[in-house]
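**Q** With mature numbering (1 follows the signal peptide of the UniProt record, and there is no 0) applied, the sequence shown covers -19 to -1, 1 to 335.
From the three backbone atoms N, C-alpha and C, an ideal C-beta is built for every residue, glycine too.
A quick note: this is a predicted structure, and the numbers were derived from the prediction, not measured.
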Amino acid sequence: MQISRLAVAYLAVVVPASCQLDKLAKAAGLQYFGTAIDNPSLNNQNYMRVARDISEFGSITPANGQKWSNTQPSQGRFSYTSGDSIANIAKQSGQQLRCHTLVWYNQLPGWVSSVYGKDQMQRIITAHIQNVAGHYKGQCTHWDVVNEAMEDDGRYRNNPMYRAMGVDYITHAFKTTAQTDPAARLYYNDFNIERCCNAKINATLSMLKTVISAGAPIHGVGMQGHSRVGKSPSKREMKETMAKFGELVDEVAFTEVDIRHTKLPTTAADRDQQALDYVEVVGACLETPKCVGITVWDFTDQYSWIPGQYPGEGEACLWDRNYNKKPAYTAIVNLLQSAASSGLRASATPSSFR
Ligand SMILES: *[C@@H]1O[C@H](CO)[C@@H](O)[C@H](O)[C@H]1NC(C)=O
């Protein structure tokens, strides 16, 4: 395994207890370091101790609670129980809320999938956004308005909204969200748009141009950042991608980062490689002035979605299932600390939200 001398330094330094992710990310010039949290873990005290620690996580994303299947399971019947449980934790802890997501093909109730008329779909999207974004109005620093609209091969994903409205559903969703919650930063969010420049990134760039010129108010692009240890995109590739998105929007962010091992159990060398892979992501963000923050898709292996989605893979998070911090955590802290002390982002635009 090739490990640069600089990278070894990130792995080696001992981290004092006071050095925590969000505190250091802000000192280094980012707006936040955040995590997704999910409803099934909220009664676990070990979990909540870390989730509520505002020096670790300045931003919270509800992993599932705000998705369509939870917020409007049947037409006109809105439910905010799951989303509110997480929004309230963020509020009580003084953390910002990064909201997720309004229009997505997955976890979409069957009644929406069976709508084919353009006008009817447009009314349904309007009502959904006015209700959900209206309910959370003033609480969301960011909204992932449209999630995963593109296929890996660059085609528009043939989802129910696209079938009914074509690309206009994207423009319409952004316009409606902006009218409903004008203070939130509005994002397009997707996966496999990190490594410059695959067909999906190219298609996403042209989709963004199309909808922005049709009047969609898009502030940011969220790169989800799910990847595999040893096969993650490099800092250079991610910076190149962010520079391209940055030509079209004000800000970019990593929104769902986890880097999974494809072989379990892991060795110490695997865990060091994972640390280097995480460092590439954080480094790419730090070196991109428009990159505002990083969110990990849950922080402990105990509740990671990966083993359920990719059987045999896992241990993708910064904390293991017993709440021990991994080398990846230490490496990120060391990188943020050195970025903070070198003033790498001193000229970055300060957050307008907080
Ligand atoms: C994406 O676009 C760039 C130029 O803008 C081009 O060099 C590259 O080959 C394209 N990638 C694919 C997979 O089409």
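#1: Please go through the region 157 to 205 and give each complete alpha helix (DSSP H) segment of 4 or more residues, from N-terminal end onward.
#2: Taking DSSP's pairing of strands, which residues face ILE41 in a bridge?
#3: Return helix, strand or coil for ASP125, following the three-state DSSP convention.
#4: If distances are taken between C-alpha atoms only, which option among TYR97, VAL277, TYR304, ASN45 comes closest to GLN26?
#5: Compare the beta carbon distance of ALA265 and LYS220 with 7 angstroms and say whether it is the shorter of the two.
#6: In its own chain, which residues sit with a C-beta less than 7 angstroms from the C-beta of SER22, not counting the 5 before and 5 after it?
#7: Mind listing which residues have their beta carbon within less than 6 angstroms of any non-hydrogen atom of ligand 1? Chain order is fine.
#8: Work out the CA separation of THR82 and GLY64 for me, nearest whole Å.
#9: For a minimum of 3 consecutive residues, which ranges assigned as the beta strand (DSSP E) are wholly contained in the region 79 to 153?
#10: Apart from the five residues just before and just after GLN111, which ones in its own chain have a Cβ nearer than 6 angstroms to its Cβ?
#11: Tell me where the alpha helix (DSSP H) around SER323 begins and ends.
#12: In whole angstroms, what separates the C-alpha of residue 347 from that of LYS7?
#13: Could you tell me whether the region 245 to 262 touches the region 310 to 317, where touching means 3 or more Cβ pairs closer than 8 angstroms?
#14: Just the Cα atoms here: how many angstroms apart are VAL126 and GLY203?
#15: Can you give the Cα-Cα distance for LYS216 and ASN139, rounded to whole angstroms?
#16: Start and end of the beta strand (DSSP E) containing GLU296?
#17: Under a three-way DSSP split, which group does ARG30 fall into?
#18: By Cβ distance below 6 angstroms, which residues in the same chain neighbour ASN128 in space, the five residues on each side in sequence not counted?
#19: Run the CB neighbour count on ARG302, radius 10 Å, all protein chains shown included, and call it buried at 16 or more, exposed below.
#20: How many angstroms separate the CA atom of GLY98 from the CA atom of GLY324?
#21: Between the region 271 to 285 and the region 105 to 119, do at least 3 Cβ pairs fall closer than 8 angstroms?
#22: With 16 other CB atoms within 10 Å as the buried threshold, where does LEU316 fall?
#23: Output the distance between the C-alpha atoms of GLU52 and SER319, rounded to the nearest integer angstrom.
#24: Is the separation between the beta-carbon of SER36 and that of ASP3 shorter than 7 angstroms?
#25: Quick one: give me the first and last residue of the alpha helix (DSSP H) that SER50 is part of.
#26: Between the region 146 to 155 and the region 86 to 96, do at least 3 Cβ pairs fall closer than 8 angstroms?
#27: Sort GLY75, SER50, PHE235 by Cα distance to ASP34 and report the nearest one.
#28: Check the C-beta distance from GLY39 over to TYR13 and give it rounded, since I have them as a contact under 8 angstroms.
#29: Helix or strand or just coil, what does DSSP make of PHE280?
#30: Assess contact between the region 284 to 297 and the region 226 to 235, defined as three or more Cβ pairs (one per stretch) separated by less than 8 angstroms. Is contact present?
#31: Quick check on LYS212: buried or exposed, where buried means 16 or more other Cβ atoms within 10 Å of its Cβ?
#32: For ARG252 and LYS307, I'd like the C-alpha separation in whole angstroms.
**A** Put simply:
#1: 180 to 194
#2: THR16, LEU78
#3: strand
#4: TYR304
#5: yes
#6: TYR28, TYR284
#7: CYS178, ASN179, ALA180, ASN183
#8: 11 angstroms
#9: 121 to 128
#10: THR161
#11: 308 to 323
#12: Any question about residue 347 goes unanswered here, given that the chain covers just -19 to 335.
#13: Put simply, the region 245 to 262 touches the region 310 to 317. At least three CB pairs are less than 8 angstroms apart.
#14: 10 angstroms
#15: 32 angstroms
#16: Counting along the chain, GLU296 falls outside any beta strand (DSSP E), and DSSP gives it neither H nor E.
#17: helix
#18: THR82, TRP85, ASN170
#19: exposed
#20: 54 angstroms
#21: no
#22: Buried, by the Cβ-count rule.
#23: The residue you asked about is not Glu; residue 52 is Thr in the sequence shown. Straight-line Cα distance between these residues: approximately 42 angstroms.
#24: Yes. Within cutoff.
#25: 49 to 52
#26: no
#27: GLY75
#28: 4 angstroms
#29: Shown here, PHE280 sits in coil according to DSSP, grouped into three states, outside any helix or strand.
#30: no
#31: exposed
#32: 8 angstroms
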